[in-house]
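Listed in order, the protein sequences are those of chains A and B.
Counting in our numbering, the first sequence runs from 1 upward without gaps.
Counting in our numbering, the second sequence runs from 1001 upward without gaps.
Heads up, the beta-carbon is just placed ideally off N, CA and C, and yes, glycines get one too.
On a predicted model such as this, the values are computed, not experimentally measured, just so you know.
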Amino acid sequence: MKATRHYHAADLRRAFLLILPTYLILFVFIIIPIFFAFYLSFNKWNLLGSMKFVGLSNYRKLVQMEEFWKALINTFYYSFITVPLGICISLALALLLNTKIKGLAFYRTAYFMPVMTSVVASAFIWQWIFQSQNGILNYIFGFIGLGPLSWLNEPKGIFTVIFESLGLSIPRWLGGPSVTLVAISIMSIWKNTGYYMIIFLAGLQNIPKTLYEAAEIDGAGPVKRFFSITIPILSPTTFFVLIMAVIVSFQVFEQVAVTTQGGPLNSSLVLVYFIYERAFKFLEVGYASSAAYILFVIVIVLTYFQVKILGRRVHYA
Amino acid sequence: MKHSFRVYAKHTVLHLILISGVLVMIFPFIWGISTSFKDMREVLSSPFSLIPKRFTFVNYRNVVSSIPILRFFINSLIVSVSITVSQLITCSFSAYAFSRLKFPFRDGLFYILLGTMMIPQHVIMIPVYIILNFFRLIDTYAAMIIPFISSAFGTFLLRQFFLTIPRELEEAATLDGCGHLCFLFRIMLPLARPILATLAIFTFMWSWNNYLWPLIVTNRIEIRTLQYGLAMFKEEGGLNWGQLMAGTTIATIPILVIFLAAQKQFIKGITLTGLREG
């Protein structure tokens, strides 16, 4: 490689022109902004007047603000609900589809359809399903003797509601995520499952069949084969899906923006919606940028730890 | 016999589980579409019947006459097609440079490109808004298009494919007097057709479904895209459920048609890359 240090002038000019459009876009709309956001987070600005340097004051204000903590906790709740459930369901579906079953293409298409649909469209349909009156979910709940819930307008914690229906009461801090946040999570799981399923299916299809045959000859039952072949060999795929699902869950925005706008009583307020509201509704640009940077740090740290800790235990085929 | 019966029973159970899963996935669509063909009275009186008693197009007619949905549709088309076409061009160019040319800092520049894929759009939305505002582009089509006319992801995807095309082809082409641009357009791109289709489909889907960006950078009703336009009308309470479902159906059909027509590219695109942008 070192020997090829001399470049042709014509090649240089050509390369420069070919990469210019892409780098111009990346530079102006991603690289400058990521530094600019950092700078903004130390300033006070309403987009119109002059910018004022305020040091760490935005961050200080942020950690003292109840609404920010609410958004952060809700985002963690959302991640805790959607990531494990989403992964389990999509893995289960992929395992079922990986059995030489007929109609694979049909099932794959059906499960993938929600992925294709825009968040706006799926949110509309789900709002129709979640309606407190005339909503089909409450209709089905009625059959099994459960009271109607106002799914997208219920700030009470899901555990509080469950225990109340049993005639018990629990302290508020044990209430868990609000019913509204749970409803939004259900919607997201519905939408993303097919996507992760396809990735798992590709991973499963890469496992050599001979491994299973050899294990069967050695007398390993299906359970043993699953835990000592499928799970370890699939681990890079699982790892990949996990990282992606966590990162995606921390950026949840559209579902909330279209259905509840963070309400009722901030019970479905998530981090990105908080940032959006602060920046574009209240024009607190510096303040919003400090929240955006906290999101950035969370995403980077999560990715780093997952690579570091899980990466060691992952089997690379 | 006994063995085959067991396999048969096992597959029946599998199908039953999978089909109930399909119902959960598909049912919301069917119910939404069915609602769009019911008149207002029926929507309220028997919301759960799947087949409308009186099949009607009134919701579609109303949604077209009461909101500029055709305008929104055209706007979505303008934005999505512009983004898709320009990404195909710019990403082919940069991918070609990274896979076939030698230039200083090539690897470093490529790592920077990969690094930008890690940055969430939500973290930089405020500065990007400010930059667009600085160029006086807020509330124009350009604001929705320009930030996305090239992408790190597209460059990466195409480069990986270009690297698999044997060098000998290039040498043979050079001997025949075919220069770099000729080689790119006559040989590389035709060979890369499947991967270009994958990139095109995903870019189109992403921009067609995008809601956040039009929401932030546009205000005028004339340039709203479908997703944003529909969401605004719902928020303002301008539509009832039947009309909303009709609008949703109109907004979803193009994507579903493309998906059903080009499924293979979709599945391949995801399994190849685990697509992050989607």
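- For Asn-43/A, the secondary structure class from DSSP, reduced to helix, strand or coil, is strand.
- Within 8 Å of the CB of Met-113/A, the CB atoms of chain B belong to Met-1025, Ile-1026, Phe-1029, Leu-1256, Phe-1259, in sequence order along the chain.
- With the rule of 3 Cβ pairs closer than 8 Å, the stretch 1220 to 1234 of chain B counts as touching the stretch 117 to 127 of chain A.
- Per DSSP, reduced to three states, the secondary structure at Ser-235/A is helical.
- Under DSSP, Ser-1034/B forms no beta bridge with any residue.
- Annotated as distal: Phe-1029/B and Leu-1226/B, with beta-carbon spacing of 7 Å or more.
- Taken through DSSP and simplified to helix, strand or coil, Lys-1102/B comes out as coil.
- Distances from the alpha-carbon of Pro-21/A to those of Gly-1237/B, Asn-1075/B, Thr-1155/B, Glu-1168/B put Thr-1155/B closest.
- If you draw a straight line from the Cα of Leu-1023/B to the Cα of Ala-110/A, it is about 9 Å long.
- Within the same chain, Cβ atoms closer than 8 Å to the Cβ of Ala-245/A are found at Thr-82, Val-83, Gly-86, Ile-87, Asn-192, Tyr-196, the five residues on either side in sequence being excluded.
- By the Cβ-count criterion, His-1122/B is buried, with 16 or more other Cβ atoms from all chains shown falling within 10 Å of its own Cβ.
- Cβ-Cβ distances below 7 Å link Val-285/A to Leu-40, Trp-45, Asn-46, Leu-47, Ala-279 in the same chain, with the five nearest sequence neighbours on each side left out; the list follows chain order.
- Around Asn-1075/B, the same chain offers Ile-1223, Arg-1224, Thr-1225 as residues with beta carbons nearer than 7 Å, after the five sequence neighbours per side are excluded.
- Tyr-287/A is positioned such that its CB atom lies no closer than 7 Å to that of Asn-74/A.
- The beta carbon of Ala-1172/B sits no closer than 7 Å to any beta carbon of chain A.
- Here Gly-157/A is bridged, per DSSP, to Ser-178/A.
- Shortest Cα-Cα distance from Trp-151/A to any of Ile-186/A, Gly-145/A, Ser-118/A, Phe-143/A involves Ile-186/A.
- Counting C-beta pairs closer than 8 Å gives three or more between the stretch 1237 to 1248 of chain B and the stretch 1045 to 1065 of chain B, which meets the contact rule.
- Taken through DSSP and simplified to helix, strand or coil, Phe-226/A comes out as helix.
- If you compare the alpha carbons of Leu-137/A, Val-179/A, Leu-149/A with that of Gly-157/A, the shortest gap goes to Val-179/A.
- Any Cβ of chain B closer than 7 Å to the Cβ of Asp-218/A would place that residue at the interface, and such an atom is absent.
- With contacts defined as CB atoms closer than 7 Å, Ile-19/A and Ser-1094/B qualify as a contacting pair.
- Interface criterion not met: the Cβ of Phe-76/A is under 7 Å from no Cβ in chain B.
- With contacts defined by Cβ atoms closer than 7 Å, Phe-200/A and Gly-175/A do not form a contacting pair.
- Residues of chain A with a Cβ closer than 8 Å to the Cβ of Tyr-1060/B do not exist; the shortest Cβ-Cβ separation is about 15 Å.
- One thing to note: Leu-302/A has its Cβ no nearer than 7 Å to the Cβ of Ala-71/A.
- Identification of chain A residues near Ser-1094/B by a Cβ-Cβ cut-off of 7 Å yields Leu-18, Ile-19, Thr-22, ordered along the chain.
- One thing to note: Leu-1101/B has its Cβ no nearer than 7 Å to the Cβ of Asp-218/A.
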